[in-house]
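Undergrad:
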């Protein structure tokens with residue numbers, strides 16, 4: 026726990042506790058608590074045992090973000106109001122916001138009496154305008170230069186424990202300052218107190234950042250707004266005519282018209298056996314069982330009615346949300362580690378994953394889904410569970426990749442904001458707005474002003490991602506702890522034996538001699554062990570901690586020329602891209618503007634939000650989006666193949682309450698979806714890429730579906746969702762630590778490693794669905810990596826699809842494939858007597874069809890020729906061969 030404001034400064038009667046009257050004096054040091062109602066509300070939240078007094082332990086909670094409400098009758102608002110003191114104010118040109126000049130008399134006296142004399146005597150010789158050589162590019166004799174920091178970045182932080190100034194005084198991660206000798210403990214305590222008050226500085230200063238002139242924009246706004254995707258939806262109504270005997274829906278009529286205009290004819294419909302495998306894989310990511318195939322094939326209803334009934338069952342299956350939630354996780358760049366130079370674990374990212382899965386299973390309207398992820402902490406909820414889920418949803422803005430090694434807090438924040446701008450603009454709008462960070466967009470009508478107007482919204486918010494500060498991990502935050510009464514899963518418990526083991530390790534580590542060689546290892550190990558322990562309460566229950574986003578001190582950013590921190594130009598009011606035609610651009614009058622952003626994006630008149638989402642759904646069902654660049658609807662993206670159909674689907678999506686399940690049901694109920702995937706020479710010569718869908722495209726299964734299908738057909742898949750994630754048990758250390766423990770016996774108590782017979786590092790999930798496997802940036806599960814799992818640091822609307830020899834070799838040589846094929850082989854031998862029966866059953870189980878005559882003959886011949894080996898070995902090889910086929914890895 027970081028150093029904080031000492032309770033003794035307020036405890037007038039020295040009884041070790043604070044009354045409300047004593048607590049109110051904190052307003053003299055912390056301006057955001059000056060109002061009486063804020064003091065009383067905060068006091069009540071801290072007083073956990075309701076004894077009308079706050080002891081040191083309760084008071085300490087004021088300086089963390091991990092608040093704990095246990096009484097259900099208390100209002101559920103675990104996220105405190107806007108954080109005071111935005112670090113980015115230090116780079117505003119001319120400090121248009123004069124917040125630094127707001128210093129109370131008590132704060133001024135504290136600075137002049139306790140801080141300034143020390144700076145003058147101990148620091149100015151190296152860190153002032155008059156020093157011969159300015160050390161570390163850091164000046165402390167001017168409040169604006171002090172705020173800006175030096176070569177290592179800002180020296181201040183809301184939490185004193187994260188302040189570079191305080192760490193230098195303690196000699197942590199830096200050479201001790203001042204270098205001639207450590208300051209007395211009481212003086213260091215004064216500096217900690219000063220930093221916790223947001224470093225009020227009453228000194229006068231004329232030396233402020235200078236605004237650099239912003240070059241005039243050369244964007245052709247009129248031409249930019251003419252681009253198709255920035256204009257409002259313009260759906261046209263298709264009327265059924267007798268000249269179209271093929272279509273069974275409005276979607277079909279759009280497609281049929283486009284085919285006829287190009288001299289194309291649709292192929293015949295797929296068989297029922299092909300159709301059930303296709304729709305089962307598309308909707309749940311799992312193949313049908315032989316029993317399900319038989320029921321569907323023999324359904325006495327017509328094809329459309331039988332398919333509709335099947336689709337309804339699959340949409341209500343829990344496996345639907347697991348499969349389609351994974352599609353969104355690609356777009357949301359979900360991962361459970363930070364990536365980049367210092368790849369640290371995010372132990373609570375799994376809550377966002379589960380939120381997404383539940384949202385798809387519950388058919389949360391897409392407009393609500395977007396609003397929750399951008400501003401769930403700011404919207405109303407019907408009960409505490411929905412409120413908790415809405416807060417968890419804002420983890421969308423917190424789970425992106427981060428450079429935790431960055432010392433400059435301001436540069437770190439601007440990089441995080443840039444990543445958030447990119448995630449929202451690509452993922453929700455299909456725009457590449459982040460390309461305008463350093464200069465006006467080269468191709469689209471998006472200016473630097475547009476970029477920084479949007480960036481200001483995220484600069485006025487605070488992403489809480491956690492982390493344990495240690496060597497190389499310089500940027501961390503707290504987490505939000507949800508009330509215990511909220512009914513949420515908590516993950517695996519920690520046994521008393523495990524806690525004792527960790528505490529013993531921590532004690533031994535802290536007693537290690539702080540030699541120069543072992544100092545770094547001691548710091549890292551201590552921080553990691555404390556992090557693991559902090560995730561559990563005294564009873565061993567995992568705490569309900571969440572990554573999320575909350576309001577911060579609102580700020581309008583300047584345009585940074587070339588994106589450089591030290592070149593601020595004109596300040597831009599928070600807002601939205603001006604090129605888009607449609608909803609009126611609202612003015613942001615209060616708060617960060619995240620709620621305004623969500624309202625603007627989900628306005629029915631917004632031209633991009635619905636188009637982008639229906640295109641994503643279409644792509645997953647038909648193999649290619651109506652816009653073939655799903656994350657780029659700008660001028661460098663592809664034009665829509667069926668623009669009228671795209672607008673019809675977008676308008677229908679909005680009119681039907683933004684229901685994703687309804688949209689999917691409409692698409693898979695079409696005649697186009699039921700087409701066979703066989704080719705036809707005349708059509709092939711006209712449309713070789715099948716852009717106009719004269720046949721159904723064969724789609725390579727995503728990596729997760731391939732792994733899950735192996736487990737499913739072999740009878741080893743566990744459909745019960747695991748609670749939490751193994752990453753929770755690993756603390757907030759670095760991902761590279763997994764390499765050191767891989768394969769080491771006994772590591773499973775406090776972490777996880779690969780078993781001797783599995784390529785997986787988390788063997789307890791070896792039979793769970795792949796969506797629940799930990800996603801660690803730059804450390805992807807080897808099975809998923811073999812089949813083109815996406816880069817979790819990027820928005821990925823469309824995965825790459827490669828075909829390489831190692832994929833087939835995986836099915837022949839990998840222990841995972843061999844173990845599961847062996848399990849299926851045993852089942853075939855146990856349940857069926859003859860070779861022919863086993864061959865039939867293997868085909869029906871693995872490929873959802875009966876073997877052709879030539880296949881049956883080859884299979885029986887293979888088994889007969891394998892009599893020199895054991896039956897288990899022969900049938901295992903046969904099952905592996907079927908799973909290694911392209912047919913198994915594709916939809917028919």
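Residue numbers (the working numbering): 26 to 917. Here a beta-carbon is modelled for each residue, glycine too, at the ideal position from N, C-alpha and C.
Report buried or exposed for residue 514, applying the criterion of at least 16 other Cβ atoms within 10 angstroms of its Cβ.
TA: Residue 514 comes out exposed.
Undergrad: Within its chain, find whatever has a CB closer than 7 Å to the CB of residue 635; leave out the 5 residues flanking it on each side and keep chain order.
TA: Result list for residue 635: 675, 678, 679, in chain order.
Undergrad: Quickly, what does DSSP pair residue 915 with across the bridge? List them, please.
TA: Paired residues: 725.
Undergrad: Going straight from the alpha carbon of residue 917 to that of residue 503, what length do you get?
TA: C-alpha separation (whole angstroms): 49 Å.
Undergrad: CB-CB under 8 Å to residue 477, same chain, minus the five flanking residues each way: which ones, in chain order?
TA: Answer for residue 477: 582, 583, 584, 585, 597, listed in chain order.
Undergrad: Please classify residue 520: is it buried, with 16 or more other beta-carbons within 10 angstroms of its beta-carbon, or exposed?
TA: When all chains shown are included, residue 520 counts as exposed.
Undergrad: By DSSP, does residue 92 sit in helix, in strand, or in coil?
TA: Summary for residue 92: the model assigns pLDDT 35, below 50, so the residue's position carries little reliability, and this model does not support an answer.
Undergrad: Relative to the alpha-carbon of residue 254, which residue among 856, 836, 657 has its alpha-carbon at the smallest distance?
TA: Among 856, 836, 657, the Cα nearest to that of residue 254 belongs to 657.
Undergrad: From residue 711 to residue 270, what distance separates their C-alpha atoms?
TA: Distance between the alpha carbons of residue 711 and residue 270: 22 Å.
Undergrad: In this structure, how does DSSP classify residue 239 when only helix, strand and coil are distinguished?
TA: DSSP places residue 239 in coil when its eight states are reduced to three.
Undergrad: Looking at C-beta atoms only, is the number of pairs between the region 434-448 and the region 802-814 that lie closer than 8 Å three or more?
TA: Touching, no.
Undergrad: On the DSSP bridge list, what partners appear for residue 561?
TA: Looking at the DSSP assignment, residue 561 forms a beta bridge with 567.
Undergrad: Do you know how far the Cα of residue 366 is from the Cα of residue 499?
TA: Distance between the alpha carbons of residue 499 and residue 366: 12 Å.
Undergrad: Within the continuous alpha helix (DSSP H) that includes residue 526, where are the two ends?
TA: That run of the alpha helix (DSSP H) goes 521-535.
Undergrad: Please return the same chain residues whose Cβ sits closer than 6 Å to the Cβ of residue 651, not counting the five positions on each side in sequence.
TA: Counting only Cβ-Cβ distances below 6 Å, and skipping sequence neighbours, we find 640, 643, 665, 666, 667, 671.
Undergrad: Cα-Cα, which of 357, 749, 337 is closest to residue 386?
TA: Taking only the C-alpha atoms, the option nearest residue 386 is 337.
Undergrad: Classify residue 473: buried if its beta carbon has 16 or more other beta carbons within 10 angstroms, exposed otherwise.
TA: Residue 473 should be labelled buried.
Undergrad: How many whole angstroms separate the CB atoms of residue 361 and residue 750, which I take to be in contact at a CB cut-off of 8 Å?
TA: Residue 361 to residue 750, Cβ: 6 Å. Contact.
Undergrad: Would residue 458 and residue 450 qualify as a contact pair, given that the criterion is a beta-carbon distance under 7 Å?
TA: A contact, by the Cβ cut-off of 7 Å.
Undergrad: Suppose you measure from the CA of residue 444 to the CA of residue 463; what does that come to, to the nearest Å?
TA: Roughly 14 Å separates the two Cα atoms.
Undergrad: What is the residue span of the beta strand (DSSP E) that residue 919 lies within?
TA: As shown, the chain starts at 26 and ends at 917. That puts residue 919 outside it, with no answer to give.
Undergrad: Span of the alpha helix (DSSP H) holding residue 220?
TA: Element bounds for residue 220: 210-221.
Undergrad: Using the three-state DSSP reduction, which class does residue 489 fall into: helix, strand or coil?
TA: Three-state DSSP puts residue 489 in a strand.
Undergrad: Between which two residues does the alpha helix (DSSP H) carrying residue 575 extend?
TA: Careful: residue 575 lies outside any alpha helix (DSSP H), inside the beta strand (DSSP E) at 573-576.
Undergrad: Relative to the alpha-carbon of residue 718, which residue among 165, 131, 160, 293 has its alpha-carbon at the smallest distance?
TA: Closest option to residue 718, Cα to Cα, is 293.
Undergrad: Output the distance between the C-alpha atoms of residue 359 and residue 512, rounded to the nearest integer angstrom.
TA: Going from the Cα of residue 359 to the Cα of residue 512 covers about 24 Å.
Undergrad: From the DSSP output, read off the bridge partner residues of residue 362.
TA: DSSP output for residue 362 lists 370 as bridge partner(s).
Undergrad: Here's the rule I'm using: 16 or more other beta-carbon atoms within 10 Å means buried, otherwise exposed. How should residue 373 be labelled?
TA: With 16 or more other Cβ atoms within 10 Å, it is buried.
Undergrad: Could you tell me which of 723, 167, 621, 857 sits nearest to residue 144, measuring between CA atoms?
TA: When each option's Cα is compared against that of residue 144, the closest is 167.
Undergrad: Helix, strand or coil, according to DSSP, for residue 585 in the structure here?
TA: Note: residue 585 maps to strand in three-state DSSP.
Undergrad: May I ask you to verify whether the region 843-855 touches the region 899-914, counting CB pairs closer than 8 Å and requiring at least 3?
TA: Touching, yes, given that three or more Cβ pairs across the two stretches are closer than 8 Å.
Undergrad: For residue 626, which three-state DSSP category applies?
TA: In the structure shown, residue 626 sits in a helix (DSSP, three-state: H, G or I).
Undergrad: Going by alpha carbons, who is nearest to residue 249 out of 170, 885, 466, 185?
TA: Among 170, 885, 466, 185, the Cα nearest to that of residue 249 is on 466.
Undergrad: The alpha helix (DSSP H) with residue 9 in it runs from where to where?
TA: Only positions 26 to 917 of the chain appear in the structure, and residue 9 is not among them; the question remains open.
Undergrad: Looking at C-beta atoms only, is the number of pairs between the region 621-634 and the region 392-411 that lie closer than 8 Å three or more?
TA: Yes: the two stretches touch, three or more of their Cβ pairs being nearer than 8 Å.
Undergrad: Relative to the C-alpha of residue 330, which residue among 351, 699, 84, 818 is closest?
TA: Among 351, 699, 84, 818, the Cα nearest to that of residue 330 is on 699.
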